[in-house]
Amino acid sequence: MSIFTEALIDNDPEALEESVNEQIEAAFEGWTPAEGALETWLTKAYARIAELVRDQVAVITKGAFKKFGETIVGVPPILAAPATATSTWTMVDAAGYSIPAETLVAIAVSGNEKLGFQTVAEVMVEAGKTATEAGEVVLQAVEAGEDANNLTEDPVLIDSLSYVSEIALVEETKGGVDEEDEDTYLNRLTEALQLLSLSLIVQRDFEIDARAISGIARAVCLPAWDGKEEDAAPLQVTVIGIDAEGKALSAGKKEELQERQQAKVPDEVIVHTADPAYTSIDVEAEVEVLPGYDGPTVVEAVEARLAGYLSPEAWGLPATGDASNSSAWENKLKVYFLEVVSEVDRVAGVSRVIALKIAETGKALGTADVSLKGIVPLAEAGELKVTAA
Amino acid sequence: MSIKIPHFRTPFQVVGKSVATVEQDSEQEVTQCIEAVLQTPEGSRIEEPEFGIPDELFETLGPNPSADVYLAAIEDWEPRARVLGEASIDELTEQITIKAANP
Numbered sequence: 033m034s035i036f037t038e039a040l041i042d043n044d045p046e047a048l049e050e051s052v053n054e055q056i057e058a059a060f061e062g063w064t065p066a067e068g069a070l071e072t073w074l075t076k077a078y079a080r081i082a083e084l085v086r087d088q089v090a091v092i093t094k095g096a097f098k099k100f101g102e103t104i105v106g107v108p109p110i111l112a113a114p115a116t117a118t119s120t121w122t123m124v125d126a127a128g129y130s131i132p133a134e135t136l137v138a139i140a141v142s143g144n145e146k147l148g149f150q151t152v153a154e155v156m157v158e159a160g161k162t163a164t165e166a167g168e169v170v171l172q173a174v175e176a177g178e179d180a181n182n183l184t185e186d187p188v189l190i191d192s193l194s195y196v197s198e199i200a201l202v203e204e205t206k207g208g209v210d211e212e213d214e215d216t217y218l219n220r221l222t223e224a225l226q227l228l229s230l231s232l233i234v235q236r237d238f239e240i241d242a243r244a245i246s247g248i249a250r251a252v253c254l255p256a257w258d259g260k261e262e263d264a265a266p267l268q269v270t271v272i273g274i275d276a277e278g279k280a281l282s283a284g285k286k287e288e289l290q291e292r293q294q295a296k297v298p299d300e301v302i303v304h305t306a307d308p309a310y311t312s313i314d315v316e317a318e319v320e321v322l323p324g325y326d327g328p329t330v331v332e333a334v335e336a337r338l339a340g341y342l343s344p345e346a347w348g349l350p351a352t353g354d355a356s357n358s359s360a361w362e363n364k365l366k367v368y369f370l371e372v373v374s375e376v377d378r379v380a381g382v383s384r385v386i387a388l389k390i391a392e393t394g395k396a397l398g399t400a401d402v403s404l405k406g407i408v409p410l411a412e413a414g415e416l417k418v419t420a421a
Numbered sequence: 006m007s008i009k010i011p012h013f014r015t016p017f018q019v020v021g022k023s024v025a026t027v028e029q030d031s032e033q034e035v036t037q038c039i040e041a042v043l044q045t046p047e048g049s050r051i052e053e054p055e056f057g058i059p060d061e062l063f064e065t066l067g068p069n070p071s072a073d074v075y076l077a078a079i080e081d082w083e084p085r086a087r088v089l090g091e092a093s094i095d096e097l098t099e100q101i102t103i104k105a106a107n108p
């Protein structure tokens, strides 16, 4: 185990003992430790044990960074892999044989040095044939690593298969990889981390960065748009943020966002902020209630479901996963009729949706998808009228 | 009488749902600390190896055991006890009598 560093954890037993004594003194004013007192013995004994535990905890191994690098930074360590090769096996006759999986063979490296290989899977040689197909038997090195690469000698059986007369290597062995040692991985991880930039480059960077400001729950970034004109505006981005309730940001918050992000992009890039557009949606639905369910309760549940679905708080969030902690915002431009039907149909107690109509508030209800206003729209629940049959 | 500043009673004892305690600086508390000193061979307490009395098992040349050794150990480890300088050892029963007072 190679040690990377030791964390600054106080492991002085006298300091730990002092800390415990201070806590007892805080609980019992006037309390003083006595060397012969039982609690003093216990405190000193536990302080010594804690010292040992803290010594262990303080040690940070290089291996710990492999887990960090793989899971947090996305730089997986290079793991050892065995070399492989294909081979053709010839039998003593055409009676039909089976070459079991994990049959061991040896391939000469040089002189009398050999490396072990084994068959990856069982291979059948049908009756009437005296050999496998060319390269049909895949061999894999028993020990992973690069040492088993570039071998060309024909394999020799280690396991006793009396019906095998000859084994021929079709190609040289290849693909063996040594496991990356800890120092090499740390160097590679360090370089990868140096490539990470705090500058905002792609849309997703702006969206994630916006959430760093208190009060901004999520944001969507539109590239090549100045927030006003619909024509393309090169080297300009517009970021639209909302709070946790789906409300547009205050002027001060938008200014804070704009200044923060402008400072994180090259000079020629201009960052704008804008508000989303809200569209109120009316829904009229008739549902059949399952036997055993209370009609008014189901109607109430359907209305609540629709209100949630058509709320700016949830609009555009991913349908699966932990939406409450998600920065994802799919810029959905339409309320799709069939999605609304699906939402209603999923409510507990609803047997089927008999009829359903949707429309932008103030317009005639229908069964068509409803386009939302604006370039970054959010839906709002308008009049929700649900009846149970 | 309720105990204002508690210390564990030795030997450790659980009474009902609580732990038996003695009042700090009381005669009982100081006495049990002196007993702890006299019953602990030096080196047996890892955290405080000098605590206790020397193991005189192999000290065959001098007086065995020495009352002065006990008095010195008490003075070292239980400063609350004022040793009166009287110590006697009954060699038949191996009982040690030491007079000390809580100043």
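Going line by line, the protein sequences match chains A and B. With the numbering used here applied, the first sequence corresponds to residues 33 to 421, in that order. With the numbering used here applied, the second sequence corresponds to residues 6 to 108, in that order. Ideal Cβ placement from N, Cα and C applies to all residues, glycine included. Being a predicted model, the structure only gives us computed values, none of them experimental.
Partners in chain B for residue i, counting only beta-carbon separations shorter than 9 Å
i	result
K296(A)	Ordered by position in chain B, no residue passes the 9 Å Cβ test against K296(A), which lies about 55 Å from the chain.
C-beta neighbour in chain B for residue i, strict 8 Å
i	result
E54(A)	no
E71(A)	yes
A77(A)	yes
Beta-carbon contacts of residue i that lie in its chain and below 7 Å, excluding the five residues immediately before and after
i	result
G406(A)	P308, A309
H12(B)	T26, V27, Q29, E34
V339(A)	It is Ala, not Val, that sits at residue 339(A) in the sequence shown. A413, L416, listed in sequence order.
G48(B)	P54
P59(B)	E47, V74
A159(A)	A126, A127, G128
V385(A)	A317, V319, V373, V376, D377
E83(B)	V35, C38, I39, V42
L218(A)	K94, F97
A280(A)	I274, D307, P308
L232(A)	F238, D241, Q293, K296, V297
Any chain A beta carbon closer than 8 Å to residue i
i	result
E83(B)	yes
A77(B)	no
P109(B)	Within the shown structure, residues of chain B are numbered from 6 to 108, placing residue 109(B) beyond reach of any answer.
Q33(B)	no
Cut-off 6 Å between Cβ atoms - residues of its own chain near residue i, not counting five sequence neighbours on either side
i	result
G259(A)	T270, H304, A306
S312(A)	T393, E412, G414
D275(A)	G247, A249
R337(A)	E375, V379
N182(A)	E204
T15(B)	Q37
Backbone CA spacing between residue i and residue j [nearest angstrom]
i	j	result
I131(A)	S192(A)	11 Å
F60(A)	V89(A)	32 Å
G324(A)	A317(A)	21 Å
I39(B)	A39(A)	41 Å
E67(A)	T45(B)	12 Å
E80(B)	I56(A)	25 Å
V157(A)	T164(A)	6 Å
D210(A)	L147(A)	15 Å
T120(A)	V252(A)	59 Å
G284(A)	E291(A)	11 Å
L94(A)	L254(A)	In the sequence under discussion, the amino acid at residue 94(A) is Lys, which differs from the Leu named in the question. Cα to Cα, the separation comes out at about 41 Å.
D134(A)	S343(A)	Looking at the sequence itself, residue 134(A) is Glu, so the reference to Asp does not match. Going by the C-alpha atoms only, they are around 60 Å apart.
W73(A)	F56(B)	11 Å
G327(A)	E335(A)	12 Å
L289(A)	R243(A)	9 Å
A47(A)	L76(B)	31 Å
Amino acids of chain B, ordered along the chain, whose beta-carbon sits closer than 7 Å to that of residue i
i	result
R80(A)	I51, E52
W63(A)	I10, Q29
Sequence-distant residues of the same chain with beta carbon closer than 8 Å to residue i, five excluded per side
i	result
E54(A)	none
A224(A)	G101, V105, V107
P187(A)	S119, V137, A138, I139, F149, L171, I199, L201
L227(A)	none
Within chain A, partners of residue i - CB distance below 7 Å
i	result
P11(B)	F60
L42(B)	First, the residue type needs correcting, since residue 42(B) is Val and not Leu in the sequence shown. Per Cβ cutoff of 7 Å: G68.
Residue i: CB within 7 Å of a non-hydrogen atom of the ligand FAD
i	result
K161(A)	Of ligands this structure carries none, so the ligand FAD is not represented either.
Under 8 Å by beta carbon: chain A residues contacting residue i
i	result
M39(B)	Note that residue 39(B) is Ile in the sequence shown, not Met. Within 8 Å Cβ-Cβ: G68.
Exercise for the section: Residues of the segment 13 to 25 of chain B with a CB closer than 9 Å to any CB of chain A: list them in chain order, please. Expected result: F13, R14, T15, P16, F17
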